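Visitor: Mind having a look at this structure? Questions to follow.
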């Protein structure tokens with residue numbers, strides 16, 4: 001079995017380990033978010049971690065009600081003109097903790113005496129050493145180049161923070177049930193392997209997602225792209241309709257991420273214009289009516305609260321990426337020309 | 001002549017009109033940015049205006065030294081859980097001023113008694129009516145569906161704000177010379193029309209840009225995409241190297257936006273890995289060494305200060321989009337299935 005598939009299957013166990021080990025640390029980190037001088041959150045990240053950042057943007061924005069901004073590393077590393085960070089708590093998300101640009105943002109925040117938090121799989125990494133508080137994601141060593149369990153556990157760390165910031169007993173209980181839900185989701189997605197043969201020779205695909213699952217859309221697109229080499233992109237339905245839909249033509253695969261919840265009707269708004277163009281619809285959903293409208297159906301397990309749906313909704317995308325890559329005869333553990341750790345400024 | 005080409009050619013005149021008419025308003029708007037309770041800027045936008053927002057993110061971030069965050073409209077419109085906006089000045093950018101999601105963000109900011117600014121081409125639009133301060137972009141009526149002069153003048157409005165926030169005489173003088181530079185750029189790009197025949201049947205393309213021109217990369221990708229129907233995407237070099245490069249294969253067109261300035265070496269870092277994959281390199285630059293390395297050269301006029309280079313660097317991209325669309329026999333003024341004003345929640 002490839003490392004990728006082994007690590008994909010290991011996700012429930014890794015998540016359970018995170019919840020067991022990191023809850024106390026998350027509680028301590030939560031206190032920093034509640035400081036009265038914190039008016040917004042600034043996140044620095046790259047790659048899959050930027051998709052975790054998108055989850056943080058919606059989750060913290062919705063419930064803790066603070067805006068979450070993304071750092072622009074080039075202001076720190078290339079222009080040498082970092083912004084004043086009064087009012088910010090600064091969070092670095094990096095599985096390796098090694099990317100110099102992410103470290104540079106946290107170092108500057110620290111120099112400006114702002115609170116800093118590192119979410120990383122390596123508690124002895126440069127990122128961890130730079131931050132005031134370290135929340136280790138406890139995923140264990142990840143050998144495949146493409147992230148699966150480190151992505152999932154980074155989402156888990158954000159969800160844990162959310163529950164602790166709100167001191168929310170219900171959220172804690174819902175999160176505690178997620179390793180089990182994830183296990184069921186992985187069994188469902190690997191068991192009912194969707195018929196993807198017709199997409200084997202596709203050039204690319206478009207993923208559409210919104211709200212709490214906006215980052216899920218980007219992560220699925222990245223996973224398909226890294227592994228199978230298909231040119232895959234992600235859009236919110238609103239952004240897609242503002243122009244980019246013009247390039248979607250007959251036969252182009254469009255994958256909707258549409259779990260039940262307030263964002264679903266907005267995602268479904270693209271169905272009619274996408275159909276009018278003759279594109280081929282795929283859907284990830286726990287809603288039968290959504291699946292029925294799709295040409296290719298990627299079902300989700302029922303009963304996952306919307307705020308935690310990114311943890312299960314990414315799985316059918318990971319499995320689709322895996323299957324497409326196998327169909328295309330590529331190496332799951334060595335995507336063309338990628339390395340596990342990418343150092344960018 | 002198509003409306004698109006007419007409006008593309010009209011850009012220097014439209015920019016000159018903006019500078020003449022809007023300077024006093026920009027000065028008044030600048031005062032709101034200097035309020036002592038303003039710690040960051042929150043921008044709401046869609047489509048081309050989001051690419052203007054990316055310019056604002058770098059320009060205001062670099063010089064005024066405040067972080068610029070992008071709003072997440074679904075928190076306001078779908079989840080009904082807008083964040084607390086203490087410390088924010090909130091800017092809506094929309095050529096039509098009609099998009100309900102952008103208006104919703106400004107309405108919430110106003111309800112929270114935060115300062116609000118609308119940058120729009122329609123001073124009687126819902127967006128303008130919602131904002132405390134209106135900075136009209138003075139582009140005149142735009143008839144082509146794809147934005148050219150409204151994009152350019154929105155950049156101009158941001159540049160004007162920048163000069164006024166800093167009360168910066170040198171910046172004002174440099175900006176005052178831009179209509180002339182823009183005129184020279186349009187003559188250069190339309191005159192030395194690059195040989196694009198070989199890209200006529202391409203499926204897509206990737207644009208790479210960073211720093212102050214990050215938004216230029218997205219705008220060029222959007223323009224090519226809307227008009228020619230090519231699946232075109234934009235990445236920063238750092239983000240591209242963190243995974244998405246895996247999908248770039250032999251013959252795929254990759255366009256570098258690399259004017260002289262601090263971000264150029266970072267953009268050039270992708271040349272070696274892109275070449276190793278057999279992709280076809282195009283370059284927009286005023287630097288001969290950069291152009292020489294490219295298969296297809298899209299030259300920029302010399303002497304434009306880096307902070308204003310987005311105003312000229314977009315032009316070769318607009319012209320390339322126009323030429324590709326002609327080569328593909330499509331209607332420049334009616335991109336497939338798009339409307340001038342898109343209303344999204």
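Chains as they are written, first to last, in my numbering: chain F, 1 to 345; chain G, 1 to 345. Glycine included, C-beta positions come from ideal geometry on N, C-alpha and C. Values in this document were obtained by computation on a predicted structure and should not be read as measured data.
Check the DSSP bridge columns for residue 136/F and list the partner residues they point to.
Guide: Locating residue 136/F in the first chain gives position 136, counting from the first residue. DSSP output for residue 136/F lists 120/F as bridge partner(s).
Visitor: How long is the line joining the alpha carbons of residue 162/F and residue 153/G, rounded to whole angstroms?
Guide: Here residue 162/F refers to the residue found at position 162 when the first chain is read from its first residue. Here residue 153/G refers to the residue found at position 153 when the second chain is read from its first residue. Each residue's Cα considered, the two are about 41 Å apart.
Visitor: Helix or strand or just coil, what does DSSP make of residue 231/F?
Guide: Working through the first chain from its first residue, we reach residue 231/F at position 231. Reduced to three states, the DSSP call for residue 231/F is strand.
Visitor: Determine the chain F residues that contact residue 229/G at a beta-carbon separation under 8 Å, and present them in chain order.
Guide: Position 229 of the second chain, counting from 1, holds the residue named residue 229/G. Those within 8 Å of residue 229/G in chain F are 246, 247, 249.
Visitor: Restricting to runs no shorter than 3 residues, where is the beta strand (DSSP E) found entirely within the region 223-309 of chain F?
Guide: Qualifying beta strand (DSSP E) stretches, in chain order: 231-235, 253-257, 280-285, 296-299.
Visitor: What does residue 263/G touch in chain F if you count any residue whose Cβ is under 9 Å from its own?
Guide: For the purposes of this step, residue 263/G is taken as the residue at position 263 of the second chain. Under the 9 Å cutoff, chain F gives 74, 78, 79.
Visitor: Less than 6 Å between C-beta atoms, sequence neighbours within five positions excluded: which residues of the same chain meet that for residue 17/F?
Guide: Here residue 17/F refers to the residue found at position 17 when the first chain is read from its first residue. The residues are 138.
Visitor: Quick check on residue 214/G: does DSSP put it in helix, strand or coil?
Guide: One-based indexing of the second chain puts residue 214/G at position 214. DSSP places residue 214/G in helix when its eight states are reduced to three.
Visitor: Using Cβ-Cβ distances below 9 Å, what residues of the region 77-104 of chain G are close to chain F?
Guide: Residues passing the 9 Å Cβ filter: 77, 78, 79, 80, 81, 82, 83, 84, 85, 86, 87, 88, 99, 101.
Visitor: Hey, does residue 342/G have any beta-carbon neighbour from chain F nearer than 7 Å?
Guide: Taking the first residue of the second chain as 1, we reach residue 342/G at position 342. Closer than 7 Å: yes.
Visitor: Take residue 36/G as the anchor and find which of 119/G, 87/G, 215/G, 278/G has the nearest alpha-carbon.
Guide: For this step, residue 36/G is matched to residue 36 along the second chain. Closest by alpha carbon: 87/G.
Visitor: In the DSSP output, what is residue 94/F paired with across the bridge?
Guide: Your numbering for residue 94/F matches position 94 in the first chain. Beta-bridge pairing links residue 94/F to 120/F.
Visitor: At which residue ranges does the region 13-91 of chain F contain complete beta strand (DSSP E) runs of 3 or more residues, listed in the order of the chain?
Guide: Segments of the beta strand (DSSP E) lying fully in the region 13-91 of chain F: 40-45, 68-70.
Visitor: Tell me which residue opens and which closes the alpha helix (DSSP H) that residue 130/G is part of.
Guide: For the purposes of this step, residue 130/G is taken as the residue at position 130 of the second chain. Here the alpha helix (DSSP H) through residue 130/G covers 126-130.
Visitor: With 7 Å set as the bound, which would you pick, yes or no: does the beta-carbon of residue 226/F sit closer than that to a beta-carbon of chain G?
Guide: In the first chain, residue 226/F corresponds to position 226, counting from 1. Yes, residue 226/F lies at the interface with chain G (some Cβ there is under 7 Å from its Cβ).
Visitor: Under 9 Å between beta-carbons, which chain G residues line up against residue 266/F? List them in chain order, please.
Guide: Against the first chain, residue 266/F aligns to sequence position 266. The answer, in chain order, is 74, 77, 78, 344, 345.
Visitor: For residue 218/F, collect the residues of the same chain with a Cβ closer than 7 Å to its Cβ; drop the 5 residues on either side in sequence, then sort them by chain order.
Guide: Start at 1 with the first residue of the first chain, and residue 218/F comes out as number 218. Correct list, in chain order: 51, 54, 234.
Visitor: For residue 277/G and residue 249/G, what's the separation of their Cα atoms in angstroms?
Guide: Your numbering for residue 277/G matches position 277 in the second chain. Your numbering for residue 249/G matches position 249 in the second chain. Roughly 6 Å separates the two Cα atoms.
Visitor: What separation, rounded to the nearest whole angstrom, lies between the Cα atoms of residue 290/F and residue 272/G?
Guide: On the first chain, residue 290/F is found 290 positions in, with the first residue counted as 1. On the second chain, residue 272/G is found 272 positions in, with the first residue counted as 1. Computed Cα separation, rounded: 44 Å.
Visitor: Could you check if residue 343/F is buried or exposed, using at least 16 other CB atoms within 10 Å of its CB as the buried criterion?
Guide: By one-based count along the first chain, residue 343/F stands at place 343. Burial call: exposed.
Visitor: Chain F beta carbons: is any one of them nearer than 7 Å to that of residue 67/G?
Guide: Taking the second chain and counting its residues from 1, the one referred to as residue 67/G is at position 67. So, interface residue.
Visitor: Beta-carbon separation of residue 285/F and residue 259/F under 7 Å?
Guide: Here the question's residue 285/F lines up with position 285 in the first chain. Here the question's residue 259/F lines up with position 259 in the first chain. Going by C-beta atoms, residue 285/F is nearer than 7 Å to residue 259/F.
Visitor: If you drop the 5 nearest sequence neighbours on each side, which residues of the same chain put their C-beta closer than 6 Å to that of residue 390/G?
Guide: Outside the shown range of chain G (1 to 345) lies residue 390/G, about which nothing can therefore be said.
Visitor: Can you find a CB in chain F that lies within less than 7 Å of the CB of residue 203/G?
Guide: The residue you call residue 203/G lines up with position 203 of the second chain. By this cut-off, residue 203/G is an interface position.
Visitor: Starting from the Cα of residue 187/F, find the closest Cα among 1/F, 3/F, 11/F and give me that residue.
Guide: Here the question's residue 187/F lines up with position 187 in the first chain. Looking at the Cα atoms, 11/F is the closest of the given residues.
Visitor: I need the straight-line Cα distance from residue 322/F to residue 1/F, nearest angstrom please.
Guide: As a position in the first chain, residue 322/F is number 322, starting the count at 1. As a position in the first chain, residue 1/F is number 1, starting the count at 1. If I take the Cα positions, the gap works out to 12 Å.
Visitor: Going by alpha carbons, who is nearest to residue 132/F out of 172/F, 106/F, 146/F, 147/F?
Guide: On the first chain, position 132 is the one that residue 132/F refers to. Among 172/F, 106/F, 146/F, 147/F, the Cα nearest to that of residue 132/F belongs to 106/F.
Visitor: Could you give the first and the last residue of the continuous beta strand (DSSP E) run that contains residue 208/F?
Guide: Residue numbering aside, residue 208/F sits at position 208 when the first chain is read from its first letter. Residue 208/F -> beta strand (DSSP E) spans 204-208.
Visitor: Rounded to whole angstroms, what is the Cα-Cα separation between residue 69/G and residue 82/G?
Guide: Position 69 of the second chain, counted from the start, is the residue given in the question as residue 69/G. Position 82 of the second chain, counted from the start, is the residue given in the question as residue 82/G. The straight-line gap from Cα to Cα measures roughly 14 Å.
Visitor: Helix, strand or coil: how does DSSP classify residue 346/G here?
Guide: Given that chain G is displayed from residue 1 to residue 345, the structure contains no residue 346/G and the question cannot be resolved.
Visitor: Would you identify the three-state DSSP class for residue 319/F, choosing helix, strand or coil?
Guide: Sequence index remark: in the first chain, residue 319/F carries index 319 (1-based). Residue state, collapsed to three classes: helix.
Visitor: With distances taken between CB atoms, is the gap from residue 27/G to residue 164/G smaller than 7 Å?
Guide: Along the second chain, one-based indexing puts residue 27/G at 27. Along the second chain, one-based indexing puts residue 164/G at 164. In this structure, residue 164/G lies closer than 7 Å to residue 27/G by Cβ.
Visitor: By how many angstroms is the C-alpha of residue 127/G removed from the C-alpha of residue 256/F?
Guide: Along the first chain, one-based indexing puts residue 256/F at 256. Along the second chain, one-based indexing puts residue 127/G at 127. Looking at the two C-alpha atoms, the distance is approximately 30 Å.
Visitor: Exposed or buried, what is residue 329/G when buried is set at 16 or more other beta-carbons lying within 10 Å of its beta-carbon?
Guide: Along the second chain, one-based indexing puts residue 329/G at 329. With fewer than 16 other Cβ atoms within 10 Å, it is exposed.
Visitor: Taking C-beta pairs closer than 7 Å, name the residues in chain G that residue 335/F reaches, listed in chain order.
Guide: What you label residue 335/F is simply residue 335 of the first chain in a count that begins at 1. What residue 335/F touches in chain G: 246.
Visitor: Taking C-beta pairs closer than 8 Å, name the residues in chain G that residue 232/F reaches, listed in chain order.
Guide: One-based indexing of the first chain puts residue 232/F at position 232. In chain order: 247.
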